[in-house]
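Working notes, structure below.
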Amino acid sequence: CDESRGAQPLRAARISEAAKKELNTHFEENFQKWTSQQLPRRNADKELDEIIERHGLNRSQASRQLLNYKQSDPRLAALTLRGDFDQVKKGIESRVGGIDDFVDLVMNEFEENEFCVMKTVHEVPGEGKAPLEMYKACANAVKVELKKLVVAFIDAIAQCSARTENAASRMVTRLTEMRASIREQHKNEFLKCTTITTETKKHYGDHYNGAALFFCYLENATYKMLTQALANH
305 CDESRGAQPL
315 RAARISEAAK
325 KELNTHFEEN
335 FQKWTSQQLP
345 RRNADKELDE
355 IIERHGLNRS
365 QASRQLLNYK
375 QSDPRLAALT
385 LRGDFDQVKK
395 GIESRVGGID
405 DFVDLVMNEF
415 EENEFCVMKT
425 VHEVPGEGKA
435 PLEMYKACAN
445 AVKVELKKLV
455 VAFIDAIAQC
465 SARTENAASR
475 MVTRLTEMRA
485 SIREQHKNEF
495 LKCTTITTET
505 KKHYGDHYNG
515 AALFFCYLEN
525 ATYKMLTQAL
535 ANH
């Protein structure tokens, strides 16, 4: 896993109603002008950058609001699952706001996951690090592994969708089968990351596989957010 950058703060203050309103107004006026359905990168839309800065947001919060905006409009929420693999995959990536931004969303939301806020459940004496503190300490390494997991899920959804030609029941059955395989493969990769295993051992100790528990919660949260993002509204 990549440890090239130090741990950075994950969460900004909760987004205000005023920020949501201003972002939605901007999306309404500019969304159709963008070259993709994803949130523009920094400096690509100066007015958007100013809104984000004015309200003290991070870009993942703006991405989340863009996702909410698209889901509120049936014309934007509809995801066509017909076509070949590449077409379907591109549609899925657009639907979730882009892979990088979606990964940031999962990372931010996970701070409030049961795993990070649990006080005594599963807790084994180590060096006394709280789960949230432990998570932040290895956040960049987790992000690398999480992106691989998200890409694998999106590929699986695209394969199922393209093969079954939008036959929902068959798609769900096939995706469930593929999820189990993906989960096992990426759990093994997750457990090989020295940064992650080192930090989890500080909390759970050598006699308890805290990294496996960590991955279990993270994978479940990721899959839930991804399927919710793709749900029809």
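Numbering-wise (the working numbering), the sequence shown opens with residue 305 and increments by one.
Glycine included, every Cβ here is placed at the ideal spot set by N, Cα and C.
Three-state secondary structure assigned by DSSP to residue i
i	result
I461	helix
A434	coil
T468	Residue placement at T468 is flagged as unreliable, the pLDDT there being 49, under the threshold of 50; a coordinate-derived value is accordingly withheld.
D349	coil
R363	helix
S398	helix
L495	helix
R478	helix
L343	coil
N328	helix
R318	coil
A382	Residue confidence for A382 is low, a pLDDT of 47 falling below 50, so the modelled location carries little weight; the figure read from the coordinates is stated next. A382 falls in the coil class under three-state DSSP.
D388	coil
L450	helix
A323	helix
T424	The predicted position of T424 is uncertain, since its pLDDT is 46 and thus under 50; no value can be drawn from it.
Distance CB(residue i)-CB(residue j) smaller than 8 Å
i	j	result
M422	H507	no
G401	L361	no
Y512	R483	no
A323	N417	no
Y373	N412	no
E523	C442	no
I356	R363	yes
Among the options, the one whose alpha carbon lies nearest that of residue i
i	options	result
E333	L352, R318, A348	L352
D405	R345, A441, L495	R345
L479	C497, K324, I458	I458
A515	E415, A323, T501	T501
H359	K350, E326, D388	E326
Q369	W338, H330, K496, D388	H330
E481	A460, C497, L495	A460
D319	V455, D388, A366, T499	For the record, residue 319 in the displayed sequence is Ile; it is not Asp. Considering only alpha carbons, the answer is A366.
S485	L495, L453, K505, C497	L453
L530	D510, L409, T498, F389	L409
D388	I403, Q463, P435	Q463
C497	T339, N444, L534, V455	N444
G509	V455, K337, P435, F414	P435
C-beta neighbour in chain E for residue i, strict 8 Å
i	result
E413	This model lacks chain E altogether, as it is built from one protein chain only.
Span of the alpha helix (DSSP H), counted from its first residue to its last, around residue i
i	result
M529	514 to 534
L409	403 to 414
C420	418 to 421
Do the region 387 to 398 and the region 439 to 448 meet, that is, are 3 or more Cβ pairs less than 8 Å apart?
-> With the cut-off at 8 Å, the region 387 to 398 and the region 439 to 448 do not touch.
Would you check if there are 3 or more beta carbon pairs closer than 8 Å linking the region 515 to 529 to the region 478 to 492?
-> Touching, per the Cβ criterion.
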